[in-house]
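Trainee: Quick one: the structure is below, and I'll ask about it shortly.
Numbering (this note's numbering), first residue to last: 191 to 534.
Dropping the structure here:
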């Protein structure tokens, strides 16, 4: 019943123009670095945060359990935050590691034009979410890119520490190679923790002198456990993702302190002489607590001579690709997918 009520309110909210929202809510605009937070996004975050707290769905860092993880994911799947694809999307689950029941979900169209494959890693701080939660955005990706998308159900922390997810990402990458895709046909992509996993995979492949995918797309990536970034301080509350949550995510993902020196864990620890053949597209958002660390990583890759493009959405926030019924978020998400398509 609560999901019906929330979705009913959201169905009204999403069609209201900004002028009507401003009249109804009388909220003051939020600015940061001379940019104005998208008004519809601001009201949405206030609205959904209240419901999450009201129904006990906020991340309980003091008493986390898999039951809580499932409850949070189920809530997200029942809330109509996204537009549905217009085309029929076929889905097939492949068990790529029978011993550990590792699932790689394939999304495809009836008639596929592109010969490229996108290996996608979902976000969630390495601790929450799953491929079902990300079904809407991955389906949209499949439709817009006209390509096969493979979404990995990697193992989560705190039950599974670094580098477990990375090992599974390698298994998925190798599975694609063994099933007919060349490295020149593979794009690795993810958002937040998934973007970290994509970059970590690239670092790992490079260190082992393995062939690299031709493109990586990192959507508002988590980058460094140092947590020493101005945006994390200034935007670390009230924008869905908090600084305390980031501390928690890194703490429970870390297996040992030595991980902090590993460039597959802290991406900023990458050797200054490392140059990739892989083109990198990094997406940042102006009201994302992780914006500065993503920009630092983009700058470091660029200084090393890599082919890097940063696309910045100044009025948006962390997680916007999962809420495409927000007008500005939808435009940005489609823009990201068109950027990927231009590269394939």
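A virtual CB, placed ideally from N, CA and C, is assigned to each residue, including glycine. If you're wondering where the values come from, they're calculated on a predicted model, not measured in any experiment.
Are the Cβ atoms of residue 219 and residue 505 separated by less than 8 Å?
Mentor: Along the chain shown, read from residue 1 onward, the residue named residue 219 stands at position 29. Along the chain shown, read from residue 1 onward, the residue named residue 505 stands at position 315. Against a cut-off of 8 Å, the Cβ pair of residue 505 and residue 219 comes out as no contact.
Trainee: So, helix, strand or coil for residue 442, using DSSP?
Mentor: On the chain shown, position 252 is the one that residue 442 refers to. In the structure shown, residue 442 sits in a helix (DSSP, three-state: H, G or I).
Trainee: Comparing C-alpha positions only, which one of 462, 416 and 426 sits nearest to residue 447?
Mentor: Reading the chain shown from its first residue, position 257 is the one you call residue 447. For residue 447, the nearest C-alpha among the options comes from 416.
Trainee: Please give me, in chain order, every unbroken run of the alpha helix (DSSP H) with length at least 4 that falls completely inside the segment 253-321.
Mentor: If we require 4 residues or more, the alpha helix (DSSP H) runs fully inside the segment 253-321 come out as 256-268.
Trainee: Look at the alpha carbon of residue 316 and the alpha carbon of residue 195, and state the distance between them as a whole number of angstroms.
Mentor: Taking the chain shown and counting its residues from 1, the one referred to as residue 316 is at position 126. Taking the chain shown and counting its residues from 1, the one referred to as residue 195 is at position 5. Near 30 Å, if we compare the C-alpha coordinates of residue 195 and residue 316.
Trainee: Considering only their Cβ atoms, is the gap separating residue 410 from residue 456 smaller than 8 Å?
Mentor: Counting from 1 along the chain shown, the entry for residue 456 is found at position 266. Counting from 1 along the chain shown, the entry for residue 410 is found at position 220. Contact flag unset, no.
Trainee: Just to confirm, is the Cβ distance from residue 233 to residue 217 under 8 Å?
Mentor: For the purposes of this step, residue 233 is taken as residue 43 along the chain shown, with counting starting at 1. For the purposes of this step, residue 217 is taken as residue 27 along the chain shown, with counting starting at 1. In this structure, residue 217 lies closer than 8 Å to residue 233 by Cβ.
Trainee: What is the C-beta distance between residue 531 and residue 335, in whole angstroms, given that I count them as a contact (C-beta under 8 Å)?
Mentor: Indexing the chain shown from 1 puts residue 531 at position 341. Indexing the chain shown from 1 puts residue 335 at position 145. Confirmed, about 6 Å.
Trainee: Around the Cβ of residue 406, are there at least 16 other Cβ atoms within 10 angstroms (buried) or fewer (exposed)?
Mentor: Within the chain shown, numbered from 1, the residue matching residue 406 stands at position 216. It counts as buried.
Trainee: How many Å lie between residue 354 and residue 476 at the Cα?
Mentor: Taking the chain shown and counting its residues from 1, one reaches residue 354 at position 164. Taking the chain shown and counting its residues from 1, one reaches residue 476 at position 286. If you take the alpha carbons of residue 354 and residue 476, they lie about 31 Å apart.
Trainee: Are residue 472 and residue 486 touching if we call contact CB-CB under 8 Å?
Mentor: Working through the chain shown from its first residue, we reach residue 472 at position 282. Working through the chain shown from its first residue, we reach residue 486 at position 296. No, the pair does not count as a contact, with Cβ atoms beyond the cut-off.
Trainee: For residue 444, collect the residues of the same chain with a Cβ closer than 8 Å to its Cβ; drop the 5 residues on either side in sequence, then sort them by chain order.
Mentor: Mapped onto the chain shown, residue 444 falls at position 254. Only 351, 352, 415, 450 and 455 meet the Cβ criterion.
Trainee: Put residue 198 into one of helix, strand or coil per three-state DSSP.
Mentor: Residue mapping note: residue 198 aligns to position 8 of the chain shown, counting from 1. DSSP places residue 198 in helix when its eight states are reduced to three.
Trainee: Where does residue 438 land, buried or exposed, given buried means 16+ other C-beta within 10 angstroms?
Mentor: As a first step, residue 438 is located in the chain shown; it is residue number 248 there, counting from the start. Label assigned to residue 438: buried.
Trainee: Near residue 396, what residues of its chain come up, given a Cβ to Cβ distance below 8 Å and the 5 sequence neighbours on each side ignored?
Mentor: The residue given as residue 396 occupies position 206 in the chain shown. Correct list, in chain order: 402, 464 and 466.
Trainee: Taking the alpha carbon of residue 197 as the reference point, which residue from 369, 261, 435 and 265 has its own alpha carbon closest?
Mentor: Mapped onto the chain shown, residue 197 falls at position 7. Here the closest residue by C-alpha is 265.
Trainee: Thinking C-alpha only, which one of 250, 412 and 507 is nearest residue 221?
Mentor: Residue mapping note: residue 221 aligns to position 31 of the chain shown, counting from 1. Checking every option, the nearest Cα to that of residue 221 belongs to 507.
Trainee: To the nearest angstrom, how far is it from the Cα of residue 426 to the Cα of residue 432?
Mentor: The residue you call residue 426 lines up with position 236 of the chain shown. The residue you call residue 432 lines up with position 242 of the chain shown. Each residue's alpha carbon lies about 4 Å from the other.
Trainee: Just grab the DSSP bridge partners of residue 516 for me.
Mentor: For the purposes of this step, residue 516 is taken as the residue at position 326 of the chain shown. In DSSP, residue 516 forms no bridge with anything.
Trainee: Any chance you could list the beta strand (DSSP E) runs of at least 3 consecutive residues sitting entirely within the segment 339-403, in chain order?
Mentor: 376-381, all fully within the segment 339-403.
Trainee: Closest by CA to residue 496, which one among 474, 512 and 461?
Mentor: Position 306 of the chain shown, counted from the start, is the residue given in the question as residue 496. Ranking 474, 512 and 461 by Cα distance to residue 496 puts 461 first.
Trainee: Could you check the C-alpha separation between residue 280 and residue 339 for me, to the nearest Å?
Mentor: Counting from 1 along the chain shown, the entry for residue 280 is found at position 90. Counting from 1 along the chain shown, the entry for residue 339 is found at position 149. Looking at the two C-alpha atoms, the distance is approximately 11 Å.
Trainee: Between which residues of its own chain and residue 503 is the CB-CB distance below 6 Å, once the five residues before and five after are set aside?
Mentor: Mapped onto the chain shown, residue 503 falls at position 313. Within the same chain, residue 503 has close Cβ partners 475 and 522.
Trainee: Would residue 518 and residue 272 qualify as a contact pair, given that the criterion is a beta-carbon distance under 8 Å?
Mentor: Translated into the one-based positions of the chain shown, residue 518 becomes position 328. Translated into the one-based positions of the chain shown, residue 272 becomes position 82. For residue 518 and residue 272, no; Cβs fall outside 8 Å.
Trainee: Just to confirm the assignment, what range does the beta strand (DSSP E) spanning residue 470 have?
Mentor: By one-based count along the chain shown, residue 470 stands at place 280. Taken as a continuous stretch (DSSP letters only), the beta strand (DSSP E) holding residue 470 covers 469-477.
Trainee: Considering only C-alpha positions, which residue in the set 386, 329, 310 and 345 is nearest to residue 366?
Mentor: For this step, residue 366 is matched to residue 176 along the chain shown. Of the listed residues, the one whose Cα sits closest to residue 366 is 310.
Trainee: Leaving out the 5 sequence neighbours to the left and right, which residues in its chain are closer than 8 Å to residue 363 when beta-carbon positions are compared?
Mentor: The residue given as residue 363 occupies position 173 in the chain shown. Result list for residue 363: 309, 376, 378, 391, 395 and 403, in chain order.
Trainee: Taking only the alpha-carbon atoms, compute the straight-line gap between residue 387 and residue 213 and give it to the nearest angstrom.
Mentor: Counted from its first residue, the chain shown places residue 387 at position 197. Counted from its first residue, the chain shown places residue 213 at position 23. Cα to Cα, the separation comes out at about 43 Å.
Trainee: In the DSSP output, which residue or residues are listed as bridge partners for residue 501?
Mentor: For the purposes of this step, residue 501 is identified with residue 311 of the chain shown, where counting begins at 1. Answer by DSSP bridge pairing, in chain order: 473.
Trainee: Put residue 221 into one of helix, strand or coil per three-state DSSP.
Mentor: For the purposes of this step, residue 221 is taken as the residue at position 31 of the chain shown. The answer is strand: DSSP assigns residue 221 an E or B state.
Trainee: Taking just the CA atoms, how far does residue 452 sit from residue 516?
Mentor: Indexing the chain shown from 1 puts residue 516 at position 326. Indexing the chain shown from 1 puts residue 452 at position 262. Computed Cα separation, rounded: 38 Å.
Trainee: Can you tell me whether residue 327 is helix, strand or coil according to DSSP?
Mentor: One-based indexing of the chain shown puts residue 327 at position 137. Note: residue 327 maps to helix in three-state DSSP.
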